[in-house]
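Quick note, the sequences are listed as chains A and B, same order.
For the first sequence, the positions run 15 to 128 when my numbering is used.
For the second sequence, the positions run 4 to 116 when my numbering is used.
All C-beta atoms in this analysis are idealised placements derived from N, C-alpha and C, irrespective of residue type, glycine included.
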Amino acid sequence: ETGVTQTPRHLVMGMTNKKSLKCEQHLGHNAMYWYKQSAKKPLELMFVYNFKEQTENNSVPSRFSPECPNSSHLFLHLHTLQPEDSALYLCASSQVAGNTGELFFGEGSRLTVL
Amino acid sequence: QQQVKQSPQSLIVQKGGISIINCAYENTAFDYFPWYQQFPGKGPALLIAIRPDVSEKKEGRFTISFNKSAKQFSLHIMDSQPGDSATYFCAASGGGSNYKLTFGKGTLLTVNP
Numbered sequence: 015e016t017g018v019t020q021t022p023r024h025l026v027m028g029m030t031n032k033k034s035l036k037c038e039q040h041l042g043h044n045a046m047y048w049y050k051q052s053a054k055k056p057l058e059l060m061f062v063y064n065f066k067e068q069t070e071n072n073s074v075p076s077r078f079s080p081e082c083p084n085s086s087h088l089f090l091h092l093h094t095l096q097p098e099d100s101a102l103y104l105c106a107s108s109q110v111a112g113n114t115g116e117l118f119f120g121e122g123s124r125l126t127v128l
Numbered sequence: 004q005q006q007v008k009q010s011p012q013s014l015i016v017q018k019g020g021i022s023i024i025n026c027a028y029e030n031t032a033f034d035y036f037p038w039y040q041q042f043p044g045k046g047p048a049l050l051i052a053i054r055p056d057v058s059e060k061k062e063g064r065f066t067i068s069f070n071k072s073a074k075q076f077s078l079h080i081m082d083s084q085p086g087d088s089a090t091y092f093c094a095a096s097g098g099g100s101n102y103k104l105t106f107g108k109g110t111l112l113t114v115n116p
């Protein structure tokens, strides 16, 4: 596997469910990000982890809970979501957070909340 | 002040034509301006980026033009090809950093054969 891998690619959940999105990067990077992509809206930065430490929480509701156990893995734990949370969730990585290094994105997890 | 305004929302160009996408920003602290390209079902990928110390950067058929005084930058795709059909996002951040990129809403480019 190369690059940034996200699973699952598609997820349908009810508002009372608990699920998790997983991201794994095989690039040896030290920074990982969660972005939310909704139709007709700009990509929204959610969280940044740099060397496993969370360095940014962009006012994200607590029903989204990130976890970064090591520099290669990033999770987004979901619980009691709302229908407006339906979107494509993109994981990205970069060498470090805070330089002009390229962000490498995964293909995303398409989330539908019923 | 954190917005990046991108236009047009969609663009149709004939093969061989020039595609032009424009972005404008307000935050004068922005000093790193990348463009990302996204194909359907894929994540965005960095296409080209510019810092404000230059007014133009060219990589193959892709050119960024930057106007610091007007706080505008644009992407030009020369000799557009059907394979260029994708969504293009401009972005900006401060501190010369990828740390908190502010993205535009995207432009869906269709290049007809």
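{"Asked": "Residue 47 of chain B to residue 119 of chain A span [Cα, whole Å]", "Found": "6 Å"}
{"Asked": "Integer Cβ distance of residue 62 of chain B from residue 51 of chain B, believed to fall under 8 Å", "Found": "5 Å"}
{"Asked": "Contained beta strand (DSSP E) runs [length at least 3] in the segment 10-59 of chain B, N- to C-terminal order", "Found": "13-17, 22-28, 33-41 and 48-53"}
{"Asked": "Below-8 Å beta-carbon distance, residue 26 of chain A vs any chain B residue", "Found": "no"}
{"Asked": "Same chain, Cβ closer than 6 Å to residue 83 of chain B, five either side skipped, listed in chain order", "Found": "16, 20, 22 and 114"}
{"Asked": "Interface residues of the segment 111-127 of chain A facing chain B [CB-CB below 7 Å]", "Found": "111, 112, 113, 114, 115, 116, 117, 119, 120, 121 and 122"}
{"Asked": "Under the three-state DSSP convention, the category residue 97 of chain B falls into", "Found": "strand"}
{"Asked": "Straight-line gap, residue 29 of chain A to residue 88 of chain A (C-alpha atoms, nearest Å)", "Found": "23 Å"}
{"Asked": "Other residues of its chain near residue 100 of chain A: CB distance less than 7 Å, five sequence neighbours each side excluded", "Found": "125, 126 and 127"}
{"Asked": "Among A:106, A:107 and A:111, nearest to residue 97 of chain B - alpha-carbon criterion", "Found": "A:111"}
{"Asked": "Any C-beta of chain A under 8 Å from that of residue 78 of chain B", "Found": "no"}
{"Asked": "Beta-carbon separation (whole angstroms), residue 87 of chain B vs residue 112 of chain B, contact threshold 8 Å", "Found": "6 Å"}
{"Asked": "For residue 80 of chain A, three-class secondary structure by DSSP", "Found": "strand"}
{"Asked": "Nearest-angstrom beta carbon gap, residue 33 of chain B and residue 69 of chain B [assumed within contact, 8 Å]", "Found": "Not quite, the Cβ-Cβ distance comes to about 11 Å (not below 8 Å), so this is no contact."}
{"Asked": "Residue nearest to residue 52 of chain A in terms of C-alpha spacing, selected from A:116, A:46 and A:60", "Found": "A:60"}
{"Asked": "Closest Cα partner of residue 33 of chain A within the set A:74, A:105, A:107 and A:95", "Found": "A:95"}
{"Asked": "Three-state secondary structure (DSSP) of residue 121 of chain A", "Found": "coil"}
{"Asked": "Cβ separation of residue 73 of chain B and residue 7 of chain B, assumed to be a contact under 8 Å, to the nearest whole Å", "Found": "Between residue 7 of chain B and residue 73 of chain B the Cβ distance is about 14 Å, and since that is not below 8 Å, they are no contact."}
{"Asked": "Neighbour flag for residue 54 of chain A against chain B, beta carbons, 8 Å", "Found": "yes"}
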